[in-house]
Amino acid sequence: MGHGVERDGVTMLSFQDVSFRYDGDTSYVLDALSFHVAPGEFVSVIGPSGCGKSTIFRLVNQLLPRESGTICVGGLPIDGRRGYCGYMPQRDLLFPWRTVADNLRLPMEIQGGYSRAEMQARVEETLRHVGLAGWGDKRPDALSGGMRQRAAFARTLLTGSELLLLDEPFSALDFLTRITMQEWLLGQWERDHKTVLFITHDVEEAIFLSSRVLVVERTPIRQLRSFDVPAPYPRTRACLTRPDMLALRESLIALLRQEVTG
Numbered sequence: 000m001g002h003g004v005e006r007d008g009v010t011m012l013s014f015q016d017v018s019f020r021y022d023g024d025t026s027y028v029l030d031a032l033s034f035h036v037a038p039g040e041f042v043s044v045i046g047p048s049g050c051g052k053s054t055i056f057r058l059v060n061q062l063l064p065r066e067s068g069t070i071c072v073g074g075l076p077i078d079g080r081r082g083y084c085g086y087m088p089q090r091d092l093l094f095p096w097r098t099v100a101d102n103l104r105l106p107m108e109i110q111g112g113y114s115r116a117e118m119q120a121r122v123e124e125t126l127r128h129v130g131l132a133g134w135g136d137k138r139p140d141a142l143s144g145g146m147r148q149r150a151a152f153a154r155t156l157l158t159g160s161e162l163l164l165l166d167e168p169f170s171a172l173d174f175l176t177r178i179t180m181q182e183w184l185l186g187q188w189e190r191d192h193k194t195v196l197f198i199t200h201d202v203e204e205a206i207f208l209s210s211r212v213l214v215v216e217r218t219p220i221r222q223l224r225s226f227d228v229p230a231p232y233p234r235t236r237a238c239l240t241r242p243d244m245l246a247l248r249e250s251l252i253a254l255l256r257q258e259v260t261g
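Following numbering that gives the first Met the number 0, the numbering of the sequence shown begins with 0 at its first residue and continues without gaps.
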């Protein structure tokens, strides 16, 4: 499958003239923002801290009400819908009093319509899928940081959604665990072809994982500047030393520096 190719003209996620400001604020966070993500794309959003990147996710999740504009997932407006996206925040948010398997069952319990046997089968299959077979009966505190993030990703997968929103999921991990998890996530995406929108403040992480990088140039966010990542898939970390990847990295860093100092 060609990543980033629209199927039958339908985008997976689209914003059309979306505006938002917090109650009591006169200034907007998003001001008539339009962008789209095609089915099967892995797209990262980068920008300075506090620029509104996570607000985009909260609008997609309907955790915040937009003031105007249209947000569509799979070609249909999100209003009143459930289960159209999976969300993985920066912290794993696994419930410590539940086992790993019980945590993974949560999305199916919320959706309803699954027997206990069906839920158990899906949980066991997904644990194998993310390399955690045999860990389902453990509590989250028995897992390492990387294992907890894999469990959180597994729970996100069990929403059954084609669109996954990943909000700086590896930022709290140590350096070696973080790059291992980046490689692991890339392998998962190349296998499953889910559509991923990924927030990060790490330029190298963005270009290693993504087919496209969207940059918040200024606030309020009126547009996201799009950069295609030149390295083909499948990728290893060696691709980061390619001259065209190094040039993209330096361009993005220079752009972010300009935003911070400007």
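Cβ atoms here follow ideal geometry from the backbone N, Cα and C, with glycine treated the same way.
With a threshold of 16 other CB atoms inside 10 Å of the CB of proline 139, please say whether the residue is buried or exposed.
The residue is buried, with at least 16 neighbouring Cβ atoms inside 10 Å.
Do the segment 226 to 243 and the segment 201 to 213 touch if we need at least three Cβ pairs shorter than 8 Å?
With the cut-off at 8 Å, the segment 226 to 243 and the segment 201 to 213 touch.
Classify aspartate 22 as helix, strand or coil using the three-state DSSP reduction.
In this structure, aspartate 22 counts as coil in the three-state DSSP scheme.
Just to confirm before moving on: does the CB-CB distance between leucine 142 and alanine 150 stay below 9 Å?
Yes, they are a contact pair.
State yes or no: is the C-beta of cysteine 50 within less than 9 Å of the C-beta of valine 215?
Closer than 9 Å, so yes.
Consider the C-beta atom of arginine 154 and the heavy atoms of the ligand ZN; say whether any pair is separated by less than 8 Å.
With respect to the ligand ZN, the structure offers nothing, as it holds no ligand at all.
Using 9 Å as the threshold, is the C-beta distance between phenylalanine 34 and leucine 223 below it?
Yes. Within cutoff.
So for glutamate 5, helix, strand or coil by DSSP?
The pLDDT assigned to glutamate 5 is 42, lower than 50, so where the model puts this residue is not dependable; a value taken from the coordinates is nonetheless given after this. Coil, per DSSP.
To which residues of the same chain is serine 160 closer than 7 Å at the C-beta, ignoring the five residues directly before and after it?
Here the set comprises Gly82, Tyr83, Cys84, Gly85.
My assumption, with CB atoms under 8 Å, is that aspartate 166 sits in contact with glutamine 61. Please give the rounded CB distance.
Not really, about 15 Å apart at Cβ, beyond 8 Å.
Quick one: using the 10 Å Cβ neighbour count with 16 as the cut-off for buried, is tryptophan 96 buried or exposed?
Under this definition tryptophan 96 is an exposed residue.
Can you give, in chain order, each stretch of the alpha helix (DSSP H) that sits fully within the segment 77 to 129 and has at least 4 residues?
Whole alpha helix (DSSP H) segments, 4+ residues: 99 to 110, 115 to 128.
I think glutamate 123 touches glycine 135, with their Cβ atoms under 8 Å apart; what is that distance to the nearest whole Å?
Their Cβ separation, rounded to whole angstroms, is 7 Å, which keeps glutamate 123 and glycine 135 in contact under 8 Å.
Using three-state DSSP, classify threonine 158 as helix, strand or coil.
If DSSP states are grouped into helix, strand and coil, threonine 158 belongs with coil.
Beta-carbon within less than 7 Å of phenylalanine 180's beta-carbon, same chain only, minus the 5 sequence neighbours each way: which residues are those?
Note on residue identity: the sequence assigns methionine, not phenylalanine, to residue 180. So the list reads Gly145, Gln148, Phe169, Leu172, once near-sequence residues are dropped.
Quick check on DSSP: helix, strand or coil for leucine 165?
Strand, per DSSP.
Taking 6 Å as the limit between beta carbons, can you name the residues of its chain near isoleucine 275, skipping five residues before and five after?
This structure cannot speak to residue 275, because the chain is shown only from 0 to 261.
Taking all protein chains shown into account, decide if isoleucine 252 is buried (16 or more other Cβ within 10 angstroms of its Cβ) or exposed.
Burial call: exposed.
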